[in-house]
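Data first, discussion second: the structure below is written as structure tokens.
Residue numbers (full-length UniProt numbering): 1 to 168.
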């Protein structure tokens, strides 16, 4: 009887550790995606200044600053440090597209791609997060909502640019 209780306890601890590891890995993957988002928006911000589009520059600056705050908040909430292993799991996205192409359209396309990457990372992290971590879960969902609005905004900018290009 004691042996059976011992096995149940070991299994419970093992399940808990496995779930905890899965959550940390999902959050690290999300943090890496958010940091890539920050890098894309920094390059888009600089590129939009070259195009002398000050309104778009302010949008890109806002999303860059938002990404920085999200990343810091996640790292603080979960007391994590990024690892190279998790970075390798993120889909590689060439940041050069933002600098190389000399038009707003390609810059917005790069922003749209990073938003899609972040959306997937947020969905996975929310799915993996244990509801017992209520405050972290709330913040993560709040960040996901803000990222979703940013994604819709970028898609709207892209649609406007396409319509403007076709009208000319």
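Glycine included, C-beta positions come from ideal geometry on N, C-alpha and C. None of the values given here were measured: they were computed from a predicted structure.
Assuming residue i and residue j make a contact with CB atoms under 8 Å, what is their CB distance in whole Å?
| i | j | result |
| --- | --- | --- |
| residue 125 | residue 27 | 6 Å |
| residue 143 | residue 60 | Not confirmed; about 18 Å, so no contact. |
| residue 155 | residue 112 | 6 Å |
| residue 137 | residue 33 | With 8 Å as the limit, residue 137 and residue 33 do not qualify as a contact, their Cβ atoms being about 18 Å apart. |
| residue 139 | residue 76 | Rounded, the Cβ-Cβ distance is 10 Å, inconsistent with contact. |
Out of curiosity, what's the CA-to-CA distance linking residue i and residue j?
| i | j | result |
| --- | --- | --- |
| residue 162 | residue 133 | 43 Å |
| residue 49 | residue 66 | 19 Å |
| residue 24 | residue 164 | 44 Å |
| residue 58 | residue 30 | 25 Å |
| residue 41 | residue 14 | 40 Å |
| residue 108 | residue 35 | 18 Å |
| residue 74 | residue 128 | 15 Å |
| residue 22 | residue 68 | 24 Å |
| residue 141 | residue 148 | 10 Å |
| residue 56 | residue 153 | 11 Å |
| residue 53 | residue 160 | 15 Å |
| residue 81 | residue 72 | 11 Å |
| residue 123 | residue 135 | 17 Å |
Count the other CB atoms, across all protein chains shown, that sit within 10 Å of the CB of residue i; report buried if there are 16 or more and exposed otherwise.
| i | result |
| --- | --- |
| residue 184 | The structure shown does not extend to residue 184, since the chain spans only 1 to 168, so no value can be given for it. |
| residue 79 | exposed |
| residue 91 | Interpretation of residue 91 is limited by its pLDDT of 45, a score under 50 that renders its predicted location unreliable; the figure taken from the coordinates is listed afterwards. Residue 91 is exposed by the Cβ-count criterion. |
| residue 47 | buried |
| residue 38 | buried |
| residue 110 | buried |
| residue 63 | buried |
Closest to residue i by CA distance: which of the options is it?
| i | options | result |
| --- | --- | --- |
| residue 158 | 146, 73, 106, 34 | 106 |
| residue 172 | 36, 45, 135 | The shown model of the chain, from 1 to 168, leaves out residue 172, and the question about it has no answer. |
With a cut-off of 8 Å, do at least 3 Cβ pairs link the stretch 109-119 to the stretch 15-23?
-> no
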